[in-house]
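In what follows, a single structure is set out as structure tokens and then discussed.
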Amino acid sequence: MSPLSEAPGLVIFDCDGVLVDSEPIFLRVLHRYLLSAGASLTLETCCAEFIGKSKGDVETYLLTQSLPIPADWPQAFYEKAMEDLERDCKAIDGIEQVLQALIEAQIPFCAASNGLRDKIEFTLSNTGLLHFFEGRIFSAYEVGQSKPAPDVFLHAARELGSAPDRCVVIEDSPSGIQAAKAAEMTCFAYDVAPAASNVDAHVFSHMRDLPALLKLS
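In our numbering, the protein residues as written are 522 to 738.
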């Protein structure tokens, strides 16, 4: 059952794990990189620790582990991540139908991510989704603090002329869900990780359910 009484004024999508199935690839590469830098953690721990997080969070982790930040960070990591993303990344099943339904309902939407703009555009282009988001991509690197701060969501709402209480955010990570709450926006959590299972959001498991949740039908 949807918590909405009417369709939203703006839908804000996170990118990794919501639009494109990049999160497992990205975290796998990050895990290997951290091991090479001297860290000691399992892939499961890496996923729980860094899903939805930013470059700065990785640097903070290294420092708290008394590990030096490698001289090739983040360039070497991003190069390997892009290589694996180009080969393996796919669009989230059903997302194109959701975007088309929003277009038909004349409801604006955008992408707002903690990722670098180049990475967002790369993954969207590589999965055939970039044309849906031309001119409506927002990176936390360009607007202030990264999630869980609400900056990137509030910036997207201002740029697209929507009040926060008329926005719906689609997220999959604890930090993104916290950012939506801080922005005072309704949040739907898609296929959330175990670490986010008790989040303050409306959880759903299949993109085919999203149009009804958004009151598009």
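Backbone N, C-alpha and C define an ideal beta-carbon position, used for all residues, glycine too. It should be emphasised that the depicted structure is a prediction, and the values quoted were computed from it without experimental measurement.
Distance between residue j and residue i (C-alpha atoms, nearest Å)
i	j	result
residue 563	residue 570	10 Å
residue 600	residue 638	15 Å
residue 546	residue 552	10 Å
residue 524	residue 622	19 Å
residue 574	residue 530	27 Å
residue 733	residue 628	14 Å
residue 591	residue 558	7 Å
residue 607	residue 633	21 Å
residue 631	residue 578	24 Å
residue 705	residue 686	6 Å
residue 664	residue 585	26 Å
residue 709	residue 692	6 Å
residue 556	residue 672	32 Å
residue 723	residue 528	15 Å
residue 660	residue 643	13 Å
residue 689	residue 588	39 Å
residue 727	residue 615	8 Å
Which of helix, strand or coil DSSP assigns to residue i
i	result
residue 630	strand
residue 707	strand
residue 528	coil
residue 579	helix
residue 613	coil
residue 542	coil
residue 536	coil
residue 691	strand
residue 685	helix
residue 601	helix
residue 732	helix
residue 561	coil
residue 698	helix
residue 569	helix
residue 478	Outside the displayed range of the chain (522 to 738) lies residue 478, so it cannot be described from this structure.
residue 737	coil
Outcome for residue i when other beta-carbon atoms lying within 10 angstroms are tallied against a minimum of 16
i	result
residue 533	buried
residue 738	exposed
residue 668	buried
residue 699	buried
residue 597	exposed
residue 640	buried
residue 609	exposed
residue 656	exposed
Strand pairing of residue i, partner residues [DSSP]
i	result
residue 723	709
Any non-hydrogen atom of the ligand ATP closer than 7 Å to residue i Cβ
i	result
residue 692	No copy of the ligand ATP appears in this structure; indeed no ligand is present at all.
- Message: Give the list of continuous beta strand (DSSP E) stretches no shorter than 3 residues that lie fully inside the stretch 619–673.
- Response: 630–634 and 658–660
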